[in-house]
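For the sequence shown, the working numbering begins at 495 and goes up steadily by one.
Every residue gets a Cβ at the ideal spot worked out from N, C-alpha and C, and that includes glycine.
Bear in mind that the values here come from a model prediction, so they are computed numbers and not experimental data.
To keep things clear, I will list the structure first and then write my remarks on it.
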Amino acid sequence: MYAKMMSASVLGIEGRLIEVEVNISSGLPMVNVVGLPDSAVRESIDRVRAAIQNAGMKFPLDRVTINLAPADLRKEGSAFDLAIAAGILCASGQLEPGMLADTLLIGELSLSGTIRSVPGVLPMTELARRCGLRRIVVPRSAAAEASLLPGIEVQGISSLSEWLNGEDGAEPDDPPGAPRGFGSKRLRDLIRFQDSSDNGELDLADVVGQEQGKRALLVAASGMHNLVFIGPPGTGKTMLCRRLPTILPPLNDEEALAVTKIFSVCGKLGETRAGLIRSRPFRAPHHTISGAGLVGGGTIPKPGEVTLAHHGVLFLDELPEFSRSCLETLRQPLEDRQVTIGRARAVCRFPASFMLAASMNPCPCGGEPSGLPCACSPAAVSRYRARISGPLADRLDLQVELARQPLQGLSSGGGLSSAQAREIVADAAARQLARYAKHGFQWNSQLQGSHLRKYAKLSSDAETLLQQVYDRLGLSFRAHDRILRISRTIADLADRENIRTEDVAEAISYRCLDRAAALP
């Protein structure tokens, strides 16, 4: 007898539909799994056999052939367990196939028959809805995640026996109309869900002084520009960067779904409770991270930190301490806003539209502003700064020097709070969204080509100033365009459509690495 079930896998961050075909024929008792399965899929037969028997059903003592189609796509992981078990039960006549029509089955089976969750439930649910399937059956622990998408029925189950006995997985305190197996406790988690990181105690007002740094932070957040703070230890570089998430506007629906899908694929939604991630991600990897950990990779390509920071902030503290090869991998994602990883069997593209924030000392010892004479030789300083290549430094829109603050005034208030800054940033972001909505992007940092020339027009005086600086500092075309984008953001902060000379002058003041490179 023959049966066909529908399941899914994840390639990159997108779901792929997998047909699980089961055929039972006369012959010696054996099970063959075909369709390019990996070892985890082959091992699933032992789990499925024990789960079926512990659910009170019979595993057929015949020749069982299981085909996972399409055969050219490698099948990995344990998400097919439930579909394989259902296919065997249907093919052996113990389960009515009609009850599983237009249904996607996702879940890992334990030996006792318990259904365990797997990474990537959200993109698999999106796939099921896109393919016109009516229902998806998932582990109860993943029902809240699957229920984030409307337009498809979600059934959450705890065990194979519960499902086979016709129990719907509902809990006694489920709210009326909730998806089966949703669970009101998970619903409360969904409602309470705030963010992947807790920034409730951080406030921009905690940073005393450093008005230039706060202004640069405001400009960077308003246009999603890349930013690096350069200064001696203890000047507030890290404090400022860690408060970036507190002044950024929340994710819109499309962005929230994209970010939540990424966290789902990486198996990180459990750490953040359930629900759409509404606040922008903030990722701060240690400087010992590898290139694959930063941008993604592996034999089976997995997302890296740049993808986990999609629509958010990637913070690299002590930038020169990261390996040179690791930093160089950032060049392509910063330019293309995506990561392309090619392997023999597939090419994966991960989204990576993030804002890079970084901090660094001016030299190995920390620099003269620390109050002590600099003990570094010119050669040591040169080697230290050379860890940041010219092409990478060119991609850092705002390069801001922070000086040591005097002791007087440190006991006074910090001035601008995160709530106040967030309102300013939100107003600037709204102006950009209204301006660029018809072009399919949102931020000034995304301006390219003809759009940049159209929306970042300069007055004659401002154009003359930029031309003089371009010639004197020997700027690249990329640096020239980044100054234009920053000028556009500064004008938006002032609620002006026209870019003035003072806007360009302020933007130029944020290019300290260019000025340093131009010195004899």
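Apart from sequence neighbours up to five positions away, the residues of its chain that approach G607 with a beta-carbon distance below 7 Å are A545, N548, A549, S653, L654 and S655, ordered along the chain. Counting every other CB atom within 10 Å of its CB across the protein chains shown gives N855 a total of 16 or more, marking it as buried. By the beta-carbon neighbour count (other beta carbons within 10 angstroms, threshold 16), T958 is exposed.
With 16 or more neighbouring CB atoms inside 10 Å of its own CB, E639 falls in the buried class. For D532, same chain residues with a beta-carbon under 7 Å away, outside a window of 5 residues either side, are R568, K569 and E570 in chain order.
In the same chain as Q899, and ignoring 5 residues on each side of it, the C-beta atoms closer than 8 Å to its own belong to V702, G703, Q704, T729 and G730, in chain order.
Only buried fits F723, as 16 or more other CB atoms lie within 10 angstroms of its CB. Judged by DSSP in its simplified three-state form, I578 adopts helix.
Straight through space, the alpha carbons of A920 and S876 are spaced by roughly 40 Å.
Put simply, the backbone Cα of A637 is about 26 Å away from that of G798. In the structure shown, G728 adopts coil according to DSSP, grouped into three states. The beta-carbon separation of A710 and L738, rounded to 11 Å, does not stay under the 8 Å limit for a contact.
Three or more Cβ pairs closer than 8 Å define a contact, and the stretch 625 to 636 falls short of that threshold against the stretch 519 to 528. Just so you know, the alpha carbons of G592 and E515 end up roughly 15 Å apart. Out of G792, R736, P726 and H719, the CA that lies nearest to the CA of L698 is found in R736. When the five nearest sequence neighbours on each side are left out, the beta carbons in the same chain lying within less than 7 Å of the beta carbon of A1001 are those of I977, I980, S981 and I984, in order along the chain. Taking 7 Å as the cut-off, the beta carbon of H804 is found no closer than this to the beta carbon of S773. Per DSSP, reduced to three states, the secondary structure at R990 is coil, with no helix or strand assignment. Residue pairing from DSSP places V833 in a beta bridge opposite F844. Looking from the CA of D986, the closest CA among L886, E749 and Q926 belongs to Q926. In this structure, the straight-line span from the alpha carbon of L642 to that of G626 is close to 17 Å.
Around T559, the same chain offers N517 and N526 as residues with beta carbons nearer than 6 Å, after the five sequence neighbours per side are excluded.
For A956 against V894, the beta-carbon gap comes to about 21 Å, at or over 8 Å, which does not count as contact. Looking at the DSSP output, T597 sits in a beta bridge with R629. L886 and G792 have their C-alpha atoms roughly 24 Å apart. Per the coordinates, the alpha-carbon of I756 lies some 24 Å from the alpha-carbon of A923. The continuous stretches of alpha helix (DSSP H) do not include R881, and DSSP gives it neither H nor E. A straight-line Cα-Cα distance of about 17 Å links T834 and S819. Taken through DSSP and simplified to helix, strand or coil, F816 comes out as coil.
In the structure shown, L605 adopts coil according to DSSP, grouped into three states. The beta-bridge partner set that DSSP reports for A852 consists of V722 and L810.
Comparing alpha-carbon positions, the option among S503, S953 and L763 lying closest to I794 turns out to be S503.
Secondary structure of E917 (DSSP, three-state): helix. DSSP places Q926 within a helical segment (H, G or I) once states are collapsed to three. As summarised for the stretch 925 to 976, there are no continuous beta strand (DSSP E) elements at least 3 residues long confined to that stretch. Distance from the Cα of P727 is smallest, within the candidate group C859, G660 and T801, for C859.
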